[in-house]
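Engineer:
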Amino acid sequence: MTQLYNRALHHFATFTACCTFLLLIAGALVTSNDAALSVPDWPLSYGTLLPPMIGGIRYEDGHRKIAGLILILTLLLAVWIGRTDRRRWMRRLGVVAFGAVIAQAVLGGLIVLLRLHYGFPVEHASLAQILFATTVAIALFTSQWWQGDVLQAEDSGWPSIHTLALTTVGFTFLQVVLGALFRHKNANIVPHLLGALLVLGMVIWTAAALRRRFGNIAAIVRVRILLHSLVGVQLLLGGAAWWSRLVTKGAPQPMPVMVTLTVAHTVVGALTLAGALLVALVSYRVAEPKREAAFERRPEGAVL
Amino acid sequence: MRARISLMIASAAVLAITMVSCGKKEKEDEGASAPAATSSTPAPAVDTASAGSVSGTVKLEGPAPKPHRINMAADAYCNSQHAGGATDQEVVVSSNGDIANVVIYVKDGIGDRKFDAPKEGATLDQKGCMYTPHVVAMMAGQELIVINSDKTTHNIHPTPKVNRDWNKSQSAGQPNIVETFPREEVSIPVKCNIHPWMKSYIAVFKHPYFGVTGNNGSFDIKNLPPGTYTLEAWHEKFGASDQTVTIGAKEAKNITFTFKAAGGAD
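Taken in sequence, the protein lines are chains A and B.
Per the numbering used here, the first sequence runs over residues 1 to 304.
Per the numbering used here, the second sequence runs over residues 1 to 266.
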């Protein structure tokens, strides 16, 4: 199955994921600068593609332009995968990614036209996380490692590493939603703080299980360290973002220190979700439940 | 493996759909039960011969907080309008402790009297990338005339709780925007998302007994029929404070509201 690997496609998928991360930064800047409604019309900005780039318009229109780029990239990616990838589920995933961008664009437009009501900003922020995680997953699925022969390892622990890793993904997504609810003033900080403890607990549990059961498998070691690092950085950034809100309380918002730290916390949150997803996917690729697995090399998609 | 990945994707989609259904309800619905001001019912005539008035000042007790400097670098035009730098208008206090931009209004005691909105509109100007005045008081149904005196683009975005919100852009030289608020509301925050330091408040009343303190902290509410009224002073930072006042025929009462610098009022 190694012959499926398409180096150019993998690089393009990785490039798309990186650009999607830039889109997340641009979106977070819009929110932190309270600039979402600086352009009252949509899809054009002030009836044109080239509005005056002043104040909040820079953030909002910049976000729209990067979103336009992502729309093109995901369309190309979906078409490329559709034409060259033999895996049906992979072709569907390409379409899902493109559909998610379309949905994001519509949600973004509704935010502007309905003036932040109906909870659309939270939904837009949360779907953005799903979109980014999807592009990261596509980059992984198109990689040579994923499509090559991978040494399988038996998972004899309980709960299974699949269950642990998937639960971590679920809790991390819940946590980014709670963060979006707080950020858009739909909830106070307490659920987000409790969510942080929950995610931390799950990450520690999952990482401990990975280390104990698969400590000698390089791919798992890499993603485990990545997720641990991201969670550590994210906790520090969360504290710093909260501190910046306290020290700038009463100052004419948005203050640069608050914007910088909050945007960093938001986008590292997206990286953390992507990291948790990578751990889950790599675990699925490498580890097999005890009843199914024997130590053997198995190509992707092979029937046991 | 494939089934599990499909399950993950499906779960994510379900979560997203669930979030959509749990979205926040539009605020305008919240105000559906609030009575709108009507201008069709003629106002019973106030006997000006027996009407009294209440005037006074609003004071700050304790050291006034220092105004915050505003960084207008995001728009070169705005920056050029404030050579010495600009400060916010959240707390404007004179050296005598007089507080500007306090809304004083009759909160209770008007009864079911109805009043026509004045023909002349209230104005909100965007000048030097600041709102002038910082606080506008007007009657429900009265026209709000939004002017852009700047050579840059603004957007005007009021965020009321009981009135309908709107968001309109106004480029340099564009005609005035004219809007009305049909329901009483104290006070509606107004902001410009292009220039996030631009903040203002609009207080809307169903009667004409209100005022906004100037730089000397004074107010004067005239033509009040004799009676007992609850007056409220509202400030964006210091909050609200009530006083009960009884006005006799042709009586001119003088009262003082005092806010504490740390917040709250006497």
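Built from N, CA and C at the ideal position, the CB exists for glycine as well.
Only a predicted model underlies this, so the values are computations on that prediction, with no experimental measurement involved.
1. Chain A beta carbons: is any one of them nearer than 9 Å to that of T132 (chain B)?
2. Of all the options A:F214, A:N33, A:S160 and A:I70, which has the alpha carbon lying nearest to the alpha carbon of A128 (chain A)?
3. If I161 (chain A) sits next to G94 (chain A), beta carbons under 8 Å apart, how far is it from one beta carbon to the other, in whole angstroms?
4. I'd like the list of long-range same chain contacts for M139 (chain B), defined as Cβ closer than 8 Å, with 5 residues on each side in sequence excluded.
5. In three-state DSSP terms, what is K25 (chain B)?
6. With a floor of 3 residues, list each beta strand (DSSP E) that falls wholly inside the region 236–263 of chain A, ordered by position along the chain.
7. So which residues of chain A does I188 (chain B) contact, with C-beta pairs closer than 9 Å?
8. Quick check: what's the CA-CA separation for V54 (chain B) versus L144 (chain B)?
9. Just list the residues that DSSP pairs Q170 (chain B) with in beta bridges.
10. From what residue to what residue does the alpha helix (DSSP H) around F173 (chain A) run?
11. Taking 6 Å as the limit between beta carbons, can you name the residues of its chain near I156 (chain B), skipping five residues before and five after?
12. Can you give me the start and stop residues for the alpha helix (DSSP H) that Q68 (chain A) sits inside?
13. CB L335 (chain A) to CB L197 (chain A), shorter than 9 Å?
14. Chain B partners of S38 (chain A), CB-CB under 7 Å?
15. Given a cut-off of 9 Å on the beta-carbon distance, is the pair A67 (chain A) and A105 (chain A) in contact?
16. Does the distance from the C-beta atom of Q234 (chain A) to that of V268 (chain A) stay below 9 Å?
17. Is the beta carbon of V122 (chain A) sitting closer than 9 Å to the one on H184 (chain A)?
18. Hey, is the region 209–220 of chain B in contact with the region 221–240 of chain A, meaning 3+ C-beta pairs nearer than 8 Å?
19. Determine the DSSP secondary structure at P196 (chain B), reduced to helix, strand or coil.
20. Pull up the distance between the alpha-carbon of A251 (chain A) and that of T57 (chain B), whole angstroms please.
21. If you count every other CB in all the chains shown that lies within 10 Å of the CB of W234 (chain B), and 16 or more means buried, which is it?
22. Report the rounded CA-to-CA distance for G108 (chain A) versus W145 (chain A), giving the unit in angstroms.
23. Going by Cα to Cα distance, which pick from A:W42, A:I81, A:A78 and A:T84 is closest to K65 (chain A)?
24. Cutting at 7 Å between CB atoms, please list the residues of its own chain near S39 (chain B), excluding the five before and the five after it.
25. Along chain A, which residues have their Cβ under 9 Å away from the Cβ of H235 (chain B)?
26. Going along chain A, which residues have a C-beta under 8 Å from N167 (chain B)?
27. According to DSSP, R88 (chain A) sits in a beta bridge with which residue or residues?
28. Got a sec? Which residues, its chain only, sit under 7 Å from A380 (chain A) by beta carbon, not counting five neighbours each side?
29. With a CB to CB cut of under 7 Å and the five nearest residues on each side skipped, what residues in its chain are close to T172 (chain A)?
30. What's the C-alpha gap between V221 (chain A) and G56 (chain A)?
31. Going by DSSP, what residue range makes up the alpha helix (DSSP H) through L224 (chain B)?
32. Taking 6 Å as the limit between beta carbons, can you name the residues of its chain near E184 (chain B), skipping five residues before and five after?
33. Cβ of L9 (chain A) within 9 Å of Cβ of T142 (chain A)?
34. Measure the C-alpha to C-alpha separation of Q152 (chain A) and R211 (chain A) and round it to an integer number of angstroms.
35. Would you tell me roughly how many angstroms separate the C-alpha atoms of A219 (chain A) and R58 (chain A), rounded to the nearest one?
36. Using the beta-carbon of each residue, which ones in chain A are nearer than 9 Å to I70 (chain B)?
Structural biologist: According to the data block:
1. no
2. A:I70
3. Their Cβ separation, rounded to whole angstroms, is 28 Å, which puts I161 (chain A) and G94 (chain A) out of contact at 8 Å.
4. A37, F115, A117, P118, V204, F205, K206, H207 and P208
5. Confidence in K25 (chain B) is poor, its pLDDT being 39 and thus under 50, which makes the residue's placement too unreliable to answer from.
6. none
7. Going along chain A, no residue has its Cβ under 9 Å from I188 (chain B), so there is no contact; the nearest lies around 14 Å.
8. 26 Å
9. B:H154
10. I161 to R183
11. V146 and K168
12. Here the sequence assigns Gly to residue 68 (chain A), which means Gln is not the residue at that position. Segment G55 to T84, the alpha helix (DSSP H) holding G68 (chain A).
13. This structure does not reach residue 335 (chain A), given that chain A is present from 1 up to 304, and the question cannot be answered.
14. N155, N193 and I194
15. yes
16. yes
17. yes
18. no
19. coil
20. 27 Å
21. buried
22. 36 Å
23. A:W42
24. Only weak support exists for where S39 (chain B) lies, its pLDDT of 43 falling under 50; the coordinates are left without a value.
25. Neighbours of H235 (chain B) on chain A: none; closest Cβ ~14 Å, over 9 Å.
26. L37, P40 and R115
27. DSSP, once it has assigned bridges, lists no residue as partnering R88 (chain A).
28. The first residue shown for chain A is 1 and the last is 304, placing residue 380 (chain A) beyond what the model contains.
29. V199, T272, L273 and A276
30. 43 Å
31. Per DSSP, L224 (chain B) belongs to no alpha helix (DSSP H); it is in the beta strand (DSSP E), S218 to L224.
32. A140, V204, F205 and K206
33. yes
34. 16 Å
35. 41 Å
36. P252
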